[in-house]
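Count the sequence shown with my numbering and you get residues 156 to 509, in order. Ideal Cβ placement from N, Cα and C applies to all residues, glycine included.
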Amino acid sequence: MVVTHNIAVTKTERSKLNDFPLENLPFGKYFTDHMLEADFENGEWKNIEIKPYQPLLLSPSLAALHYGQAIFEGIKAYKDPTGNAFIFRPYDNFKRFNVSAERMQMPTVPEEIFIEGMRRLIELDSNWIPAYENHSLYIRPFLFSSDEMIGVRPSETYKFMIILSPTGPYYAAPMRIYVEEKYTRAAPGGIGFAKAAGNYAGSMLATAEAKKQGYDQVLWTDAFEHKYVQEIGTMNVFFVIGDTVLTPDLESETILSGVTRDTALTIVKEMGLNVEERPVHIDEIINAYKSGKAVEVFGTGTAATIAMIRELKYQDFVMKFDTDKWKIAPELKRRLDAVRTGNAEDKHGWMFKI
Ligand code: COI
156 MVVTHNIAVT
166 KTERSKLNDF
176 PLENLPFGKY
186 FTDHMLEADF
196 ENGEWKNIEI
206 KPYQPLLLSP
216 SLAALHYGQA
226 IFEGIKAYKD
236 PTGNAFIFRP
246 YDNFKRFNVS
256 AERMQMPTVP
266 EEIFIEGMRR
276 LIELDSNWIP
286 AYENHSLYIR
296 PFLFSSDEMI
306 GVRPSETYKF
316 MIILSPTGPY
326 YAAPMRIYVE
336 EKYTRAAPGG
346 IGFAKAAGNY
356 AGSMLATAEA
366 KKQGYDQVLW
376 TDAFEHKYVQ
386 EIGTMNVFFV
396 IGDTVLTPDL
406 ESETILSGVT
416 RDTALTIVKE
426 MGLNVEERPV
436 HIDEIINAYK
446 SGKAVEVFGT
456 GTAATIAMIR
466 ELKYQDFVMK
476 FDTDKWKIAP
486 ELKRRLDAVR
496 TGNAEDKHGW
506 MFKI
């Protein structure tokens, strides 16, 4: 990494660390003492600064507020039993962030700002990493267009930021999922593979309607037939049928290339299971369920980690699962947690030491 940028650091005068305990935390509600901010102007990154967490002063004409040229990432930091801090696979999120940036006509962020800036920010706020089960420090890097101008065109100026949130589990209990056939999240040629803010805005109506029926999230299906499953709310989706683990492939660029998805695929292969990444038709899942084959359904994501699905509703057909009897998803979660908390060997170099 060539270092050409200086990162200025201004520390807070009063830490909020002891204002509340770092356990039983909701997801994404509390933020640490500091944040990172950098500006892109005249074709270059400047004003790279770690400073006390504080509000931004924004013009009402700020381009991002009007046209949604905005992307983000989700990453987590953990502590091992001796108190050393680690970030889980930050380079994978870094690469995906810049893939999203290119798709949204935004400047890429250099490694020395994204990775080194994140490392220094977490080093400063490392006391905020919760050491409780299912807790971590959630890292939210984001980039948005900052031209003060409401013509529709890529902005010339941008702001990159990182904020940190000590956090508990995103989904605390096994979930009920509604297979969505009316609304569409992504189509080939669209932005489904990018972590673009608008993808989440576009998902909220379908999720709200599913919630009215008692479901937690929707399982998106393809834009043409509404038969091939894509991803669930904030997660990639996995099915275990017998000794095969099945997940939609990334070919059509309609789903996110999840870092936890990739991690889960690696771990289930190590567990000796067959892995298939290919288009997954909803009828295949229904037939496996009806034939009484052992079926597990779960979601993977940075925020969600491994989230078990206890009910899947497709049209009038409801599939119910007794998650207490499952073997694969709980073992996958156990192995993943063990690596992340430094209680198992990090064979793949996933843990980046602060
Ligand atoms: C993550 O898993 O980090 C995500 O980005 C999901 C988020 C929208 C809560």
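Exercise for the section: Grab the span of the alpha helix (DSSP H) containing E267 for me, first residue to last. Expected result: 266-279
With a cut-off of 5 Å, give the chain-ordered residues whose Cβ is closer than this to any heavy atom of ligand 1. G229, T389, G456, T457, A458
Roughly how many whole angstroms lie between the Cα atoms of N429 and E178? 37 Å
Hey, Y370 and Y333 are a contact pair by Cβ (cut 8 Å); roughly how many whole angstroms apart?
-> 4 Å
Could you name the residues that DSSP lists as bridge partners for M474? L467
query: What residue from L420, R244, F472 has the CA that sits closest to K445's CA?
result: F472
| task | Could you round the C-beta distance between D194 and K171 to whole angstroms and report it? I think they count as a contact, below 8 Å. | result | The Cβ separation is near 26 Å, so there is no contact.
Under 8 Å, with one C-beta from each stretch per pair, do the stretch 205-221 and the stretch 296-305 reach the 3-pair mark? yes
*Could you have a look at D417 and say whether DSSP puts it in helix, strand or coil?*
helix
* Would you say R495 reaches chain D, if we count a Cβ-Cβ gap shorter than 8 Å as a contact? -> Among the chains in the structure shown there is no chain D, since it carries only a single protein chain.
Exercise for review: Label M261 either buried or exposed according to how many other C-beta atoms from any shown protein chain fall within 10 Å of its C-beta, with 16 as the threshold for buried.
Suggested key: buried
**Prompt:** Between the stretch 395-410 and the stretch 463-470, do three or more beta carbon pairs fall short of 8 Å?
**Reply:** no
inquiry  = Restricting to Cα atoms, I'd like to know which of I422, I461, G345, K424 is closest to I387.
reply    = I461
When DSSP labels each residue in this structure, what does A443 get in the three-state scheme? helix
**Message:** Please report the straight-line C-alpha distance between F315 and N253, rounded to a whole angstrom.
**Reply:** 12 Å
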